[in-house]
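Please read the structure below before turning to the comments.
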Amino acid sequence: MALISSSLPDSTVYRQQPLKGVIAMKGLLRAAAKHFGIGLATVLPFVFAVWVVVFVVNQVDGLVSWYVPWAYLHIPGLGFAIVIVAIFILGLLSRIYVSRVLLSWADTLFMHIPVIKSLYTTAKELIENLFRRRQAFQTPVLIEWPDERALVLGFITSEELPESIDPTGDLVAVYLPNAFQFAGATVMVPRSRVREAGMTAEQAWKFALSAGLGQSRATKREEGPESTQTPTQLPKSPPMPM
């Protein structure tokens, strides 16, 4: 029995070899999945951007083709170009007195039509808020929050608050964005606790949304002379009651 058992190969060899193969296969699949994820994350933003542009252009082309007799030529982007040129011309004409009178008359007319009034008012307020918000987020500031020992990056959104919120007229509204997401909070703080951030709006947004990652002094110097400005030091006030 000893001779027979010694001549047979050890059974653990058969157990170890398949086990090594399974481990190697798992490692290969894990690496393949990792590289596939990296490739997907790299190409998806480009695909999404191109898809949105193509979708918008096709939709606008479809709308214009109903009104332009020669749209059957099927020139890609022709209708979109017509709309862009028309909006540009309308913007130029809106600066002329006669055009302003006509626009005012159209505004009054739409405001007196029951159903259209609601749609027109909603669209008008939405567009005005979007343009106002775009201008509001162009002033990055640093505020002492929650007290003078810490600074938080924000953007002034309003310097004229309702009297019910700011009876003294000393408060300003500052939007505080969160890192890694397009969300945040709006706080009302005394003007004495607000100072200029010494950077452009684009640099401030990059800093806020990235949680300050990669924002070294050397990087700021390379981005332009605006990033080297010395923040304006405003007088400090006593700590805010919490």
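Letter by letter, the sequence shown follows residues 1 to 242 of UniProt numbering.
Glycine residues also receive a C-beta, built at the ideal position from the N, C-alpha and C atoms.
Just so you know, these numbers come straight off a predicted model, no measurement behind them.
Using 8 Å as the threshold, is the C-beta distance between PRO140 and ALA197 below it? Taking the sequence shown and counting its residues from 1, one reaches residue 140 at position 140. Taking the sequence shown and counting its residues from 1, one reaches residue 197 at position 197. A distance below 8 Å separates the beta carbons of PRO140 and ALA197.
Would GLY184 and LEU176 qualify as a contact pair, given that the criterion is a beta-carbon distance under 8 Å? Looking up residue 184 in the sequence shown gives position 184. Looking up residue 176 in the sequence shown gives position 176. Result yes, Cβ atoms of GLY184 and LEU176 sit closer than 8 Å.
With a threshold of 16 other CB atoms inside 10 Å of the CB of ALA31, please say whether the residue is buried or exposed. On the sequence shown, residue 31 is found 31 positions in, with the first residue counted as 1. Classification for ALA31: exposed.
In chain order, what residues of the same chain lie with their CB nearer than 8 Å to the CB of ALA150, ignoring the 5 residues before and after it? Counted from its first residue, the sequence shown places residue 150 at position 150. If we look at ALA150 and ignore the five residues flanking it on each side, its Cβ neighbours are GLU144.
Opposite MET188 in the DSSP bridges: which residues? The count along the sequence shown starts at 1 and reaches residue 188 at position 188. For MET188, the pairing in a beta bridge is given by DSSP as ALA173.
Classify PRO140 as helix, strand or coil using the three-state DSSP reduction. Residue mapping note: residue 140 aligns to position 140 of the sequence shown, counting from 1. Three-state DSSP puts PRO140 in a strand.
Using the C-alpha atoms, what's the distance from GLU160 back to ALA204? Here residue 204 refers to the residue found at position 204 of the sequence shown. Here residue 160 refers to the residue found at position 160 of the sequence shown. When rounded, the distance between both Cα atoms is 23 Å.
When the Cα atoms are used, what is the spatial distance from ARG221 to MET199? Here residue 221 refers to the residue found at position 221 when the sequence shown is read from its first residue. Here residue 199 refers to the residue found at position 199 when the sequence shown is read from its first residue. The pLDDT assigned to ARG221 is 45, lower than 50, so where the model puts this residue is not dependable; a value taken from the coordinates is nonetheless given after this. One C-alpha to the other measures close to 11 Å.
If PHE88 and ASP61 are in contact, beta carbons under 8 Å, what's the gap, nearest whole angstrom? If you number the sequence shown from 1, residue 88 lands on position 88. If you number the sequence shown from 1, residue 61 lands on position 61. The C-beta distance from PHE88 to ASP61 rounds to 18 Å, too long to fall under 8 Å, and the pair is not in contact.
Taking the alpha helix (DSSP H) that LEU209 belongs to, which residues open and close that run? By one-based count along the sequence shown, residue 209 stands at place 209. LEU209 -> alpha helix (DSSP H) spans 201-209.
When you compare each of LYS117, ASN178, ARG195, PRO167 to LYS206 by their alpha carbons, which one comes out closest? The residue given as residue 206 occupies position 206 in the sequence shown. Closest in alpha carbon position to LYS206, among LYS117, ASN178, ARG195, PRO167, is ASN178.
Name, in chain order, the residues that DSSP records as bridge partners for PHE155. Counting from 1 along the sequence shown, the entry for residue 155 is found at position 155. BP columns for PHE155 point to PRO140, TYR175.
For ARG195, write down the residues that DSSP places opposite it in a beta bridge. Numbered from its first residue, the sequence shown carries residue 195 at position 195. Note: ARG195 sits in a beta bridge opposite LEU142.
ALA208 and LEU153 - do their beta-carbons sit closer together than 8 Å? Within the sequence shown, residue 153 is the residue found at index 153, counting from 1. Within the sequence shown, residue 208 is the residue found at index 208, counting from 1. Yes, these two residues count as a Cβ contact at 8 Å.
On the criterion of 16 or more Cβ atoms from any shown chain inside 10 Å, does VAL155 qualify as buried, or is it exposed? Locating residue 155 in the sequence shown gives position 155, counting from the first residue. Note on identity: in this sequence residue 155 is Phe, with Val being the wrong assignment. Around the beta carbon of PHE155, a 10 Å sphere encloses 16 or more other beta carbons of the protein chains shown; the residue is thus reported as buried.
Pair within 8 Å by beta-carbon distance, SER158 and ALA173: By one-based count along the sequence shown, residue 158 stands at place 158. By one-based count along the sequence shown, residue 173 stands at place 173. Yes, the Cβ-Cβ distance between SER158 and ALA173 is below 8 Å.
Buried or exposed: SER194, going by 16 or more other Cβ atoms within 10 Å of its Cβ? To locate residue 194, count along the sequence shown from 1; it is residue 194. The sequence shown places Val at residue 194, rather than the Ser named in the question. Burial call: buried.
Could you give the distance in angstroms between the alpha-carbon of LEU29 and the alpha-carbon of VAL53? Taking the first residue of the sequence shown as position 1, residue 29 is located at position 29. Taking the first residue of the sequence shown as position 1, residue 53 is located at position 53. So the two alpha carbons sit approximately 36 Å from each other.
Please report the distance separating the alpha-carbon of VAL115 from that of VAL101. Residue numbering aside, residue 115 sits at position 115 when the sequence shown is read from its first letter. Residue numbering aside, residue 101 sits at position 101 when the sequence shown is read from its first letter. Note on geometry: alpha-carbon atoms of VAL115 and VAL101 lie some 24 Å from one another.
Quick check on DSSP: helix, strand or coil for SER164? Here residue 164 corresponds to residue number 164 of the sequence shown, with the count starting at 1. Three-state DSSP puts SER164 in coil, outside helix and strand.
Supposed close pair PHE137, ALA211 - CB separation, criterion 8 Å: Locating residue 137 in the sequence shown gives position 137, counting from the first residue. Locating residue 211 in the sequence shown gives position 211, counting from the first residue. Between ALA211 and PHE137 the Cβ distance is about 18 Å, and since that is not below 8 Å, they are no contact.
Which of helix, strand or coil DSSP assigns to ASP107: For the purposes of this step, residue 107 is taken as the residue at position 107 of the sequence shown. Helix, per DSSP.
For ALA31, three-class secondary structure by DSSP: Taking the sequence shown and counting its residues from 1, one reaches residue 31 at position 31. DSSP places ALA31 in the helix class (H, G or I) of the three-state scheme.
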